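**Student:**
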Amino acid sequence: MSVTLHTTHGDLKIEVFCEAVPKAAENFLALCASNYYDGCIFHRNIKAFMVQTGDPSGSGKGGQSIWGGTFSDEIRSTLKFNARGIVAMANSGPDSNKSQFFITYSKQPHLDGKYTIFGKVIDGVDSTLDAMERVPCQQQEPATQRNQADKYHHSCKPHR
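Per this note's numbering, residue 8 is the first one in the sequence shown, and the count goes up by one each step.
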């Protein structure tokens, strides 16, 4: 199963790992199908690290799973942050997944075993993801580059 994430910087086609992580896949696909993500901003963008979205409030503190609360991690030893374009659930600690997710800009092995990886970008890595990473950043925290929050929006549509 795949999903196309339509952003103001272009499209990202994401392969969803339905068999490996069924809960995360079900949640993500159902939220996409219900237009939950339409208009969400990418509220966190850290050059050479990742870009994060999935919070309708845009604050980075909101979001809901399809079950209303949080759901458990589905950490798989076979799924690693070993490439650009890995898609994973954002969380605030173990078993705290809701609707937020992030896409890596590069390998991030220090994240292995901490976040549920549920997909990978299969189209748009060298165009759209590059454009997203180039969004002008401002210094907000020591040694951390973040985007200016509301620069781009997205929607997503599942494909079978």
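All C-beta atoms, glycine included, are put in the ideal place defined by N, C-alpha and C. Every value quoted in this text rests on a predicted model; they were computed, and no experiment measured them.
Classify A55 as helix, strand or coil using the three-state DSSP reduction.
**Tutor:** Along the sequence shown, read from residue 1 onward, the residue named residue 55 stands at position 48. A55 falls in the coil class under three-state DSSP.
**Student:** Less than 9 Å between the beta carbons of F56 and Q107, yes or no?
**Tutor:** For the purposes of this step, residue 56 is taken as the residue at position 49 of the sequence shown. For the purposes of this step, residue 107 is taken as the residue at position 100 of the sequence shown. No, these two residues do not count as a Cβ contact at 9 Å.
**Student:** With DSSP as the reference, label A95 as helix, strand or coil.
**Tutor:** Locating residue 95 in the sequence shown gives position 88, counting from the first residue. Of the three classes helix, strand and coil, the one that applies to A95 here is strand, per DSSP.
**Student:** Considering only heavy atoms of the ligand NAP, does any lie closer than 8 Å to the CB of P116?
**Tutor:** As for the ligand NAP, it is missing from this structure, which has no ligand bound.
**Student:** Using the C-alpha atoms, what's the distance from S72 back to L36?
**Tutor:** For the purposes of this step, residue 36 is taken as the residue at position 29 of the sequence shown. For the purposes of this step, residue 72 is taken as the residue at position 65 of the sequence shown. Looking at the two C-alpha atoms, the distance is approximately 11 Å.
**Student:** Under the three-state reduction of DSSP, which class applies to Y136: helix, strand or coil?
**Tutor:** Translated into the one-based positions of the sequence shown, residue 136 becomes position 129. Note that residue 136 is Leu in the sequence shown here, rather than Tyr. Of the three classes helix, strand and coil, the one that applies to L136 here is helix, per DSSP.
**Student:** What is the rounded straight-line gap between the Cα of F78 and the Cα of A90?
**Tutor:** Counted from its first residue, the sequence shown places residue 78 at position 71. Counted from its first residue, the sequence shown places residue 90 at position 83. Rounded to the nearest angstrom, the two C-alpha atoms are 26 Å apart.
**Student:** For the beta strand (DSSP E) that contains E22, what are its first and last residues?
**Tutor:** Here residue 22 refers to the residue found at position 15 of the sequence shown. E22 -> beta strand (DSSP E) spans 17-23.
**Student:** Does the stretch 81-97 come into contact with the stretch 118-129, if we say contact requires no fewer than three beta-carbon pairs (one atom in each stretch) closer than 8 Å?
**Tutor:** yes
**Student:** Under 9 Å, do W60 and Y43 count as touching if we go by C-beta distance?
**Tutor:** The residue given as residue 60 occupies position 53 in the sequence shown. The residue given as residue 43 occupies position 36 in the sequence shown. At residue 60 the sequence reads Thr, which differs from the Trp that was named. No.
**Student:** Counting only the same chain and skipping the five closest in sequence on each side, list residues whose C-beta sits under 6 Å from that of A156.
**Tutor:** Locating residue 156 in the sequence shown gives position 149, counting from the first residue. In this prediction, A156 has a pLDDT of 37, which is less than 50 and means its spatial position is unreliable; what the coordinates show is noted afterwards. Excluding sequence neighbours, A156 sits near H50.
**Student:** Under 7 Å Cβ to Cβ from A95, same chain only, skipping five residues before and after it: list those, please.
**Tutor:** Here residue 95 refers to the residue found at position 88 of the sequence shown. Excluding residues within five positions, the ones whose Cβ falls inside 7 Å are F108, F109, Y122, T123, I124, F125.
**Student:** For H117, does the three-state DSSP call read helix, strand or coil?
**Tutor:** Your numbering for residue 117 matches position 110 in the sequence shown. In the three-state scheme derived from DSSP, where H, G and I count as helix and E and B as strand, H117 is classed as helix.
**Student:** In this structure, how does DSSP classify K6 when only helix, strand and coil are distinguished?
**Tutor:** Residue numbering for the chain in the displayed model covers 8 to 167; residue 6 lies beyond these limits and cannot be assessed.
**Student:** Return the CA-CA distance between L118 and N104, expressed in angstroms with no decimal places.
**Tutor:** Here residue 118 refers to the residue found at position 111 when the sequence shown is read from its first residue. Here residue 104 refers to the residue found at position 97 when the sequence shown is read from its first residue. Going by the C-alpha atoms only, they are around 15 Å apart.
**Student:** Within a Cβ cutoff of 8 Å, which residues of the same chain sit near G67, ignoring the five residues on either side of it in sequence?
**Tutor:** To locate residue 67, count along the sequence shown from 1; it is residue 60. Contacts found: H50, R51, Q59, Q107.
**Student:** From the DSSP output, in three-state form, read off Q146 for me.
**Tutor:** Taking the sequence shown and counting its residues from 1, the one referred to as residue 146 is at position 139. Unreliable placement is indicated for Q146, whose pLDDT of 48 sits below 50; the coordinate value is still reported in the next sentence. Residue state for Q146 is assigned as strand, using DSSP reduced to three classes.
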